[in-house]
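Asker: Chains A and B, in that order, are what the protein sequence lines are.
Under the numbering used here, the final residue of the first sequence carries the number 158; numbering is consecutive throughout.
Under the numbering used here, the final residue of the second sequence carries the number 316; numbering is consecutive throughout.
Note that the Cβ used here is the ideal one computed from N, Cα and C, for glycine as well.
Protein chains: 2
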Amino acid sequence: MEPKLHEDLEPLAFLLGTWRGEGKGAYPTIDPFAYEEEITFTHIGKPWLAYAQRTKHPVKGFPMHAETGYWRPIGADRVEIVLVHPTGISEIQEGSVNSSTVDVATTSVTRTSSAKEVTQLERTFRVDGDLMRYEVRMAAVGLPLQPHLSAELRRVED
Amino acid sequence: MEPKLHEDLEPLAFLLGTWRGEGKGAYPTIDPFAYEEEITFTHIGKPWLAYAQRTKHPVKGFPMHAETGYWRPIGADRVEIVLVHPTGISEIQEGSVNSSTVDVATTSVTRTSSAKEVTQLERTFRVDGDLMRYEVRMAAVGLPLQPHLSAELRRVED
């Protein structure tokens, strides 16, 4: 049985479901790349969303990146996000929720001893009905904050 | 189709599967509590394990805690863990893997603005065949590191 949505979650309810689409990545230190992506936002009746993301190679199909974490609304127009990457990166993100736009920036990026030196990330998500677009800006390996990822996905399940 | 286990993952292969059991928690600032727990360790052919944990009330069945993250072996006897809690806590854990015992301590705990002040965590996992026992020690809200959780689980699926 589907649990009832926690009332605190209503400002983020537009994210719920499974989203699939394509994205592109670039950074001065790597070759540009493309990916297929699936993002899920689920809830269990508690005042937070579980977030999971996976990408794969658009032609060869092998798994590329993954992320997992939680999004927690703070009142009607703020959000706190905690998420981790399998490469040993953890992001604490905070920012605004404005109807269906989420704009967040890391207040802290921490990493394991062997992880790459990522120092700052900003993420913008825009949802228009069943269409989601996001952009990620990243500062890493001594370089300033700059565009890193952009993607467009469609909701395939509520 | 099940992906082939990445060879780097072999030192942590004893964790793979779905585990269910019961645990107990205590801390000077809260009433002692009991919980039912499910832990899953899965892989997708990459050199890391996806870790997910959920607990629920042993009598009333409502969801209690949850965690999600990744475990990455570093050689045969070290592990790096990144994991997050929905309450806005992120742990970077590093430590040792010794046959089927994992002993890790946080090198960093970070948190969102509204999260509780958790400052340090240590985790010990011991696996004997299909039996897993773990202990968690925590420093929080100004108190020193001390026992917080202990649980015993059985592997219910490979």
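Given a threshold of 16 other Cβ atoms within 10 Å of its Cβ, counted over all protein chains shown, does A:L216 qualify as buried or as exposed?
Answerer: No information on residue 216 of chain A is available, as it lies outside the stretch 1 to 158 that chain A covers here.
Asker: Within the same chain, show all residues whose beta-carbon is closer than 6 Å to that of B:S248, passing over the 5 residues directly before and after it, in chain order.
Answerer: V242, T268
Asker: For B:T245, does the count of other Cβ atoms within 10 angstroms reach 16, so buried, or fall short, so exposed?
Answerer: buried
Asker: Taking only beta carbons into account, state which residues of the segment 104-123 of chain A come closer than 9 Å to chain B, listed in chain order.
Answerer: Result list: T107, S108, V109, T110, R111, T112, S113, S114, A115.
Asker: Who are the neighbours of B:G181 on chain A, taking C-beta pairs under 7 Å?
Answerer: Result: empty, since nearest Cβ-Cβ is about 18 Å, beyond 7 Å.
Asker: Does A:L15 come out as helix, strand or coil in the three-state DSSP assignment?
Answerer: helix
Asker: Examine chain A for any beta-carbon lying closer than 7 Å to the beta-carbon of B:T226, and answer yes or no.
Answerer: yes
Asker: Consider the Cβ of A:K37: report whether some Cβ of chain B lies at a distance smaller than 7 Å.
Answerer: The amino acid at residue 37 of chain A is misidentified as Lys; the sequence shows Glu. Answer no: the Cβ-Cβ gap between A:E37 and chain B never drops below 7 Å.
Asker: Report the rounded CA-to-CA distance for A:A50 versus B:S258, giving the unit in angstroms.
Answerer: Taking the CA atoms as reference points, A:A50 sits about 30 Å from B:S258.
Asker: Applying a beta-carbon distance threshold of less than 7 Å, which residues of chain A neighbour B:P221?
Answerer: I44, G45, K46
Asker: Quick one: does A:P73 have its CB under 7 Å from some CB of chain B?
Answerer: no
Asker: Indicate whether at least one CB of chain B lies closer than 7 Å to the CB of A:S100.
Answerer: no
Asker: Thinking A:G45 and A:P73 are a contact (beta carbons under 8 Å), I'd like their distance in whole angstroms, please.
Answerer: That pair is no contact at about 15 Å.
Asker: In three-state terms, what does DSSP make of A:D8?
Answerer: Assigned with DSSP and collapsed to three states, A:D8 falls in helix.
Asker: Taking 7 Å as the threshold (C-beta atoms), are B:T213 and B:M193 in contact?
Answerer: The sequence given here has Tyr at residue 193 of chain B, not Met. Result yes, Cβ atoms of B:Y193 and B:T213 sit closer than 7 Å.
Asker: Taking the Cβ atom as the reference point for each residue, do B:T282 and B:E293 lie within a distance shorter than 7 Å?
Answerer: yes
Asker: For a contact meaning CB atoms closer than 7 Å, what does B:G246 contact in chain A?
Answerer: The contacting residues are R72, E80, V82.
Asker: Could you pull the DSSP bridge partners for B:D235 from this structure?
Answerer: Under the DSSP definition of a beta bridge, B:D235 lacks any partner.
Asker: Around the C-beta of B:L170, are 16 or more other C-beta atoms found within 10 angstroms, so that it is buried, or is it exposed?
Answerer: Counting Cβ neighbours within 10 Å, B:L170 comes out buried, since at least 16 surround it.
Asker: Residues of chain A with a CB under 8 Å from the CB of B:E168: which are they?
Answerer: Those within 8 Å of B:E168 in chain A number zero; the least Cβ separation is about 17 Å.
Asker: Are any of the Cβ atoms in chain A nearer than 7 Å to that of B:I250?
Answerer: Interface residue, yes.
Asker: So which of A:K24, A:I39, A:L5 has the shortest CA-CA distance to A:A161?
Answerer: This structure cannot speak to residue 161 of chain A, because chain A is shown only from 1 to 158.
Asker: Quick one: residues in its chain with C-beta nearer than 7 Å to the C-beta of A:M64, no 5 flanking neighbours on either side, listed in chain order?
Answerer: Y35, T55, K56, H57
Asker: Going along the chain, which unbroken runs of the alpha helix (DSSP H) with 4 or more residues stay wholly within the segment 235-288 of chain B?
Answerer: none
Asker: For B:R295 and B:Q251, I'd like the C-alpha separation in whole angstroms.
Answerer: So the two alpha carbons sit approximately 13 Å from each other.
Asker: Mark A:E80 as exposed unless 16 or more other C-beta atoms lie within 10 angstroms of its C-beta, in which case mark it buried.
Answerer: buried
Asker: Grouping DSSP H, G and I as helix and E and B as strand, with all else coil, what is A:P3?
Answerer: Looking at A:P3 - three-state DSSP - the assignment turns out to be coil, as it is neither helix nor strand.
Asker: Nearest to B:S308 by CA position, among B:H164, B:H201, B:E165, B:G179, is which residue?
Answerer: B:G179
Asker: Report buried or exposed for B:V240, applying the criterion of at least 16 other Cβ atoms within 10 angstroms of its Cβ.
Answerer: Per the 10 Å Cβ criterion, buried.
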